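Novice: Heads up: the sequence lines are chains A and B, in that order.
Taken in order, the first sequence gives residues 0 to 109; the numbers are from numbering that gives the first Met the number 0.
Taken in order, the second sequence gives residues 0 to 898; the numbers are from numbering that gives the first Met the number 0.
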Amino acid sequence: MNRTTYLGELEHMILLVVLGQGDDAYGMSIREHLGARVGRKISRGATYMTLERLVRKGYLVARMGDPSPERGGRARRYFTLSAKGRKALRESGRALLQLWSGHEALLEER
Amino acid sequence: MRSVPRSPNGEFRLPRVARWLLCLSIRDAAAREGILGDLEEELHGLSAQGLKPFRLWARAVLASLALATRFATPNAGRPAAVQEPARRRNAGRPKVDDIKRDAKYAVRQLARSPGFTVAALLTLSLGIGGTTVAFSLVNGILLRPLPYPDPDRLVTLWERRATGQELTLSFPNFEDWREQSRSFARITAVRFPSEVTVLGGEEPMRGTMLAVSREFFEVIGVQPFLGRPISYEENRAGGEQVAVLGHSFWQDGFGGNPDLGSIDLTIEGAPFTVVGVMPPGFKLLEEGDLYLPLEQQPFRVRDSHNYTAVGRLAPGVSWEQAEEEMNRIAAGILEAYPGETRTVGVNLRPLRSDILGEVDRPLLLLLCAAGFLLLLACSNVASTLLARSTLRDREMAIRTAVGASRGSLIQQLFTESLMLAGIAGVLGLGLSHVSLALVRSLGPDLVPRLESVSIDARVLVFALLATLLTAVLFGLLPAIGVPSDAAGTLGSGRRGDTRRSKALGWNLLIGGEAALAVMLVVASGLMVRSLREILATDTNFRPAGVLTIAMNFSGSRYQSVEARVNQLSEIKREFGSLPGMTAVGFVNHLPMQSTSMTGPILATPLPDLDNIGLDQVPPSSGWRVVDEDYFAAMGIPLLRGRTFTTADGPDDPPVIVLNEAAANLIFPGQDPIGKQVQFLPFWTGVDLTVVGVVGEARDWRKAPGSQHEGFVLWRQRPGYTRYLTAVIRTEGDPVALIRPARERLQRLAPEVPGTFQTMSALVGESLKEKEFTMAVLSSFAVLSLVLAAVGIYGVVSYTVSRRSREIGIRLALGAASGAIRRHIFTRSLGVVAGGMMLGVAGALAAGGVLESLLYGVSPRDPVTLIVAPLVLLGTGALAIWIPVLRYTRVDPVVTMRAE
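#1: The ligand MN and B/R821: does any heavy atom of the ligand fall closer than 6 Å to the residue's C-beta?
#2: Can you look up B/Q669 in the DSSP assignment and give me helix, strand or coil?
#3: When DSSP labels each residue in this structure, what does B/F281 get in the three-state scheme?
#4: With a threshold of 7 Å on Cβ separation, who are the neighbours of B/E165 within its own chain once the five nearest residues in sequence on each side are excluded?
#5: Touching or not, the region 862 to 873 of chain B and the region 822 to 838 of chain B, by the rule of three or more beta carbon pairs under 8 Å?
#6: State the start and end residues of the unbroken alpha helix (DSSP H) segment that holds B/A844.
#7: Just the chain B side, please: which residues come within less than 9 Å of A/Y47 by C-beta, in chain order?
#8: Mapping DSSP to helix, strand and coil, what is B/R541?
#9: Does the beta carbon of B/A188 come closer than 7 Å to any beta carbon on chain A?
#10: Can you tell which of B/Y147, B/L812, B/E194 has its C-alpha closest to the C-alpha of B/V917?
#11: Mind listing which residues of the region 59 to 76 of chain A have their C-beta closer than 7 Å to chain B's C-betas, in chain order?
#12: Would you call the region 811 to 828 of chain B and the region 851 to 865 of chain B in contact, with 3 or more CB pairs under 8 Å?
#13: Relative to the alpha-carbon of B/L687, which residue among B/L657, B/S705, B/Q706, B/G668 has its alpha-carbon at the smallest distance?
#14: Chain A beta carbons: is any one of them nearer than 7 Å to that of B/A17?
#15: If you draw a straight line from the alpha carbon of A/D23 to that of B/L435, how long is it in whole angstroms?
#16: Please name the residue in B/A47, B/G268, B/L225 whose C-alpha comes closest to that of B/S247.
#17: Step through the CB atoms of chain A and report whether any lies within less than 7 Å of the CB of B/A62.
#18: Please compile the residues from chain B whose C-beta is within a distance smaller than 7 Å of the C-beta of A/R43.
#19: Quick one: measure Cβ to Cβ for B/G287 and B/G245, integer angstroms, because I've assumed they're closer than 8 Å.
#20: Is it the case that the Cβ atoms of B/V189 and B/I266 are separated by a distance below 7 Å?
#21: Using DSSP with H/G/I as helix, E/B as strand and the rest coil, what is A/R93?
#22: By the 10 Å Cβ neighbour count, where 16 or more other Cβ atoms means buried, how is B/A80 classified, buried or exposed?
#23: Measure the beta-carbon distance from B/F681 to B/V625 and round it to whole angstroms, keeping in mind my assumption that it falls under 8 Å.
#24: Take the Cβ of B/G41 as the centre, count every other Cβ of all protein chains shown within 10 Å, and call the residue buried at 16 or more, exposed below.
#25: From the DSSP output, in three-state form, read off B/N346 for me.
#26: Is the CB of A/E107 under 7 Å away from at least one CB in chain B?
#27: Taking the CB atoms as reference points, tell me whether B/V794 and B/I509 lie closer together than 7 Å.
#28: Chain B beta carbons: is any one of them nearer than 7 Å to that of A/M12?
#29: So for B/Y722, helix, strand or coil by DSSP?
#30: Under a CB-based cut-off of 7 Å, is B/E41 close to chain A?
#31: Of all Cβ atoms in chain B, is any one closer than 7 Å to the Cβ of A/G34?
#32: Starting from A/R55, trace the beta strand (DSSP E) both ways and give me its first and last residue.
#33: Out of curiosity, what's the CA-to-CA distance linking B/D650 and B/Q715?
#34: With three or more beta-carbon pairs closer than 8 Å as the criterion, would you say the region 733 to 746 of chain B touches the region 517 to 537 of chain B?
#35: Which stretch, first to last residue, makes up the beta strand (DSSP E) that contains B/Y306?
#36: Going by C-alpha distance, which of A/L14, A/V54, A/A87 is nearest A/R62?
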C-alpha cells in the first residue's frame, strides 16, 4: 500500500475540473467552472490552497504561461494532471463508484 | 515581483494594498504570480462590465485580505490531526508565541492608562510628523541632487572686474574660454531668456526662448525626451533653423503631438524645424519653452555680457585647478585685447547655489526650528516614559520575584516601547503626508523645486530613528534599574517619590522644555509679526475692478517702432470705449511681476563708473515703461509733482517719475522734483528730469521701501513697447470685460497673443503664499506650545500622583486642600517660569540670526518677548493645574486605602 488516504472532496473536484479543461486550466477558470457546474462558490483561499497542496503532493504540475496586459503583465499559472494525479483520481473515483453501486436505487426509494 | 508593468491604457490596476498583502502572505513566487494575475484578470473583467472603481477597489482589497489570512495561517479550519505536524515545527521557535503574548500585554498596559498613552502618542506623532515635514523640505530642496547626471561637477562661470563686480559672459570671451580651458569637459553658453511670439500651435503663443551654444546638451547630460538635441552642424553660422521644445510648451501648445516633423513652427515670423522635446520638468536656471541654436548669429562684442555660462568640470580636475586655469586664461585675454574687455578674472560657483538662491537661509532656519521641535518631542517622550518607569518599579520587582528573567522583562518593555513608537510613527507619517500635500498646494512658487518635495526613505528613517531611539532608551529604563534589588523594592512598599535627586531631574526636564518652547514661540512670533507689519503697509495699488491684458508685439508685422506705436494707440482707443471702463493704461511689468529688467538709477553728474566700488552702486530699480494713464488705471497715488501728460511729446526733454522708494534711495532727505538722473543700462547717456513721485506699488512679499522703480513714458522710449500689459479699470466686474476686450484685440491685431487676467486673480495668486508662510510659522508656534504643554502635563501629573499618599496624609491631618494645591502649583510653575526666562535669554542671544529676516520688528521686540512667554506660562499653568486638581480632590481616605 503506497497510499492510505483517498482524495478530499475539494481535491477530487478540482482534479476532475483540471482533467476536463485539458491544457487550459488555471486558477480562475477552475474556480469559475466549479461555481457553474457544482453550483457552489468555492472561496478563493480554499481553491488556491488546494491547488498548491495538490502541486506539493505531486498530483498536479504547474507551468507559467505568457504575461498579458489584462493581468497587469502577469502570467497565468496553468495546471495539468501528473501521472500520479491521474492514478489518484482513478483510484478515488473507482472507490467511490464501487461504494455507489446499487445505492442509487436505495436513494430513489425513500 | 514588485515592479509590475502598468496596464497600457491606464485601466483598473490592483490596489497597492492588495498587492502588498498578497506579496507578504504568499511565499511561493509562482503561486503568487498566478494568484495576483487571476485577481487582476477577474477585476479587469468586472471593470469592463462597468463596475464602479470604488467597488472594484473594495472587492480587490477584501479578496486579497481573505487570501492573505488564508495563506498566512495555513492550518486554520483544518482538523487537529493535520495541524499536528505544523505545531511540532513551531515548537522549536517559542519566540513567536512570546512576542504575541508581549504584544497582547503591551496593548493591555497601554489601554490601562489612556491618559499616558494619548499623551505619548500625541507627542511622538506630532514630533515625528513635524520633523518629517521640515526635513522633507530641506531634504527635497537642499540635499537631493539636482536632476542632472553628476550635478556636483556643474558650475556657473562669471566674469570678474577689478572692482570685484561679477558679470555674465560675453560671447568672444566664451569662445576663448572653451578653446583654451582644459579643466572643463565642456562649457556652454546660454543667452538671457527672451519672450517670443510663436505660431504653429492652435493659437498664437508667447514662449520663453533660450538660445544655447552647441555644447549645451552634453554639459547638462540630459537627452531630449523625444527626438534629438541640436547638432553641432546646426549650431553654427548658416546652420539649419531648428528648435527643441520644452515639455509643457509642447503639451500645451501642440497637444503633445509626437510627430515633430508635422509641426509648422514659426518663431518671430521665421520658420523652424522641431527636432526634439525636453523631458518633463527639465530646466536649467530658467525654464525654457524653446531651445534654439545660439551660434548661428552670436553677438560678438567682447564687452557685451549677455550669456550665462555653465561648465562641467573634467574628471579629476579640482575646483582650485579650474579656478586657477580660468583666471590665467582671463588674464591672457585682457592682455591680448586691451581696451576691449575689463574682465580681470573668473569666478566659479556651484550650479546648485545659483538654482537655490536665497532660499537657503529661511529653510535652514526652518531646519533649526524642526531640530528644536524634535528635541522637544524627544524630551517629552523621555519624560512621560520616565514617569511611567518609576510607576512600574513595583510591577517589575514582582515579576522578577515570581521568576521572570531580566531578558524577558527587557523584551516586554521593548515590545511596549516599540508598539507605542510604531503607532505614533504611522500617525506621524499620516500627519506629515497631509501637511506636505498642504504645503505643496499652498506654496508652489515660494521655493524652487518644491514640486520635487516628498516624503522619502531618508527623511522617514531619520525622524523615526530619532524618536524610536528615545522611546526605546527611556522605555527600557525600568528594566535596568529594578531587578537588582527586587526584595528591597517589594519590601519598601509604596511610599511616594519624594527623593531630592529625582525631583531635580524632573525640574530640569520641565524647565528645559519650557525654555525650548519659548525660543520657538518667540522666533515664530517675531516672524509672524514682521509679516503682519509688511502686510499692514499699503501696497499702493487697487487691484479690485482691474483687468490686465498681457500683449506681445514681437511678430514680424511690428518690427518697426511706428507700427507698434500706431497699433498700441489704436488698441488703447478701442479699449477706452469698453462699457463701464474708467481708465486704460499700459505698463511693461505689473507691480508683482519680478523681472530681470532692473538697473541702477544714478543722480547726475554720474560718478566714474569704471572705478566705482560695488558698495557705491545703488540697488537696482525696476525699469517701468508706462503711458500717461497707467497710474490712474492701477490706482497708484501721486505723492509729489505730476505724472505724465499728453503734453510730454516724443521729442520733448525726457522725463521720469520715481516711486517713493526710489526717490528716498537716490535723493534721501531732498526734494527730487526737477533733479536730473540717468537710468542704466536702459537709457544711458541721457539725463532724465524727475517730474513726480508716486506711491510704491509693491508686491506684498517685499518689505516696504525695497521695491524701487522708475517710470518712463512709452512715447519717449518706444523701443520698449514689444511687451506691454494693458491695465483697464472698470466700475463693474472686470471679468465681464474679458470677452469684449478679447474680441476687440482679435479684430485689431489677430496675431498678437493676449493673456487676460484680472488683477485680483494675480494678487490672489501671490496671497496664497502669504497664507502658506503664515500657516507654516503659526503651526510651528502652536505645535511647540502643544508639545510643551503635553510634556509639562505628563511630568506634573506623574509627580503629583506619586505624592498622592503623602497628600492624603496631610489632608487627613487637617491640611487645607487649597494650601496644598497652591504649594504644589507654585513650585511647578516656578520651574516653568525659570525655564521660560532661560528661553527668553536664548531667544535674545539668537536674535542676530533672525534680524535680517525681519521687517519693522526688532529681534528684541518687547511685545513678542513678553507675550510669547506669557502664553507659554498660561499654557503651562493649565497643564499643571489639571493634574494638581485631580489628585488633591480625592477623598484622603480613598488615597490612603488605595495601597
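Even for Gly, the Cβ is constructed at its ideal location relative to N, Cα and C.
Quick caveat, the model's predicted, so the values are computed rather than measured.
Specialist: The answer reads as follows:
#1: The ligand MN is not among the ligands present in this structure, which contains no ligands whatsoever.
#2: Counting from one through the second sequence, the residue named residue 669 of chain B turns up at place 670. Under the three-state reduction of DSSP output, B/Q669 falls in the coil class, being neither helix nor strand.
#3: Against the second sequence, residue 281 of chain B aligns to sequence position 282. Collapsing the DSSP output to three states places B/F281 in coil.
#4: Position 166 of the second sequence holds residue 165 of chain B. Apart from the 5 residues on each side of it in sequence, B/E165 sits with its Cβ closer than 7 Å to the Cβ of W157, R159, N346 in its chain, given in chain order.
#5: As far as the Cβ criterion goes, the region 862 to 873 of chain B touches the region 822 to 838 of chain B, which means the pair count is three or higher.
#6: On the second sequence, position 845 is the one that residue 844 of chain B refers to. Judged by DSSP secondary structure, B/A844 falls within the alpha helix (DSSP H) whose first and last residues are 816 to 844.
#7: For the purposes of this step, residue 47 of chain A is taken as residue 48 along the first sequence, with counting starting at 1. Residues of chain B passing the Cβ test: I25, A30, G33, I34, D37, L66, R69, F70.
#8: On the second sequence, residue 541 of chain B is found 542 positions in, with the first residue counted as 1. Assigned with DSSP and collapsed to three states, B/R541 falls in coil, not helix or strand.
#9: Here residue 188 of chain B corresponds to residue number 189 of the second sequence, with the count starting at 1. Taking Cβ atoms only, chain A never reaches closer than 7 Å to B/A188, which makes this a no.
#10: No statement about residue 917 of chain B is possible, as the shown extent of chain B runs from 0 to 898 and does not include it.
#11: Residues are counted here when their Cβ sits less than 7 Å from a Cβ of chain B; for the region 59 to 76 of chain A these are A61, M63, P68, E69, R70, G71, G72, R73, A74, R75, R76, given in chain order.
#12: Short answer: they don't touch.
#13: The residue given as residue 687 of chain B occupies position 688 in the second sequence. For B/L687, the nearest C-alpha among the options comes from B/L657.
#14: As a first step, residue 17 of chain B is located in the second sequence; it is residue number 18 there, counting from the start. B/A17 does not count as touching chain A.
#15: Position 24 of the first sequence, counting from 1, holds the residue named residue 23 of chain A. Position 436 of the second sequence, counting from 1, holds the residue named residue 435 of chain B. Cα to Cα, the separation comes out at about 49 Å.
#16: On the second sequence, position 248 is the one that residue 247 of chain B refers to. Per the Cα distances, B/L225.
#17: Taking the second sequence and counting its residues from 1, the one referred to as residue 62 of chain B is at position 63. It does; some Cβ of chain A falls within 7 Å.
#18: As a position in the first sequence, residue 43 of chain A is number 44, starting the count at 1. Result: A62, A65, L66.
#19: In the second sequence, the residue the question calls residue 287 of chain B occupies position 288. In the second sequence, the residue the question calls residue 245 of chain B occupies position 246. Correct: roughly 5 Å between the Cβ atoms.
#20: Here residue 189 of chain B corresponds to residue number 190 of the second sequence, with the count starting at 1. Here residue 266 of chain B corresponds to residue number 267 of the second sequence, with the count starting at 1. No, Cβ-Cβ distance for B/V189 and B/I266 is not below 7 Å.
#21: For this step, residue 93 of chain A is matched to residue 94 along the first sequence. Three-state result, A/R93: helix.
#22: As a working mapping, residue 80 of chain B is identified with position 81 in the second sequence. Note that B/A80 scores a pLDDT of 39, beneath 50, so its modelled location is shaky; the value from the coordinates is reported in the next line. By the 10 Å Cβ count, B/A80 comes out exposed.
#23: Residue mapping note: residue 681 of chain B aligns to position 682 of the second sequence, counting from 1. Residue mapping note: residue 625 of chain B aligns to position 626 of the second sequence, counting from 1. Rounded, the Cβ-Cβ distance is 14 Å, inconsistent with contact.
#24: The residue given as residue 41 of chain B occupies position 42 in the second sequence. Residue identity differs from the one stated: residue 41 of chain B is Glu in this sequence, not Gly. Buried.
#25: On the second sequence, residue 346 of chain B is found 347 positions in, with the first residue counted as 1. Strand at B/N346.
#26: Here the question's residue 107 of chain A lines up with position 108 in the first sequence. No - not a single Cβ of chain B is within 7 Å of the one on A/E107.
#27: Here residue 794 of chain B refers to the residue found at position 795 when the second sequence is read from its first residue. Here residue 509 of chain B refers to the residue found at position 510 when the second sequence is read from its first residue. In this structure, the beta-carbon distance from B/V794 to B/I509 falls below 7 Å.
#28: Position 13 of the first sequence, counted from the first residue, corresponds to residue 12 of chain A. No - not a single Cβ of chain B is within 7 Å of the one on A/M12.
#29: Here residue 722 of chain B refers to the residue found at position 723 when the second sequence is read from its first residue. DSSP places B/Y722 in the strand class (E or B) of the three-state scheme.
#30: As a first step, residue 41 of chain B must be located in the second sequence, where it is residue number 42. Contact of B/E41 with chain A is assigned, a C-beta pair being separated by under 7 Å.
#31: Here residue 34 of chain A refers to the residue found at position 35 of the first sequence. Chain B contact via Cβ: absent.
#32: Numbered from its first residue, the first sequence carries residue 55 of chain A at position 56. Here A/R55 belongs to no beta strand (DSSP E); instead the alpha helix (DSSP H) covers 43 to 56.
#33: Reading the second sequence from its first residue, position 651 is the one you call residue 650 of chain B. Reading the second sequence from its first residue, position 716 is the one you call residue 715 of chain B. Going from the Cα of B/D650 to the Cα of B/Q715 covers about 7 Å.
#34: The region 733 to 746 of chain B makes no contact with the region 517 to 537 of chain B: fewer than 3 CB pairs, one atom from each, lie closer than 8 Å.
#35: Taking the second sequence and counting its residues from 1, one reaches residue 306 of chain B at position 307. B/Y306: member of the beta strand (DSSP E) spanning 306 to 312, first to last residue.
#36: Here residue 62 of chain A is taken as the residue at index 63 of the first sequence, counted from 1. When only C-alpha atoms are compared, the closest one is A/V54.
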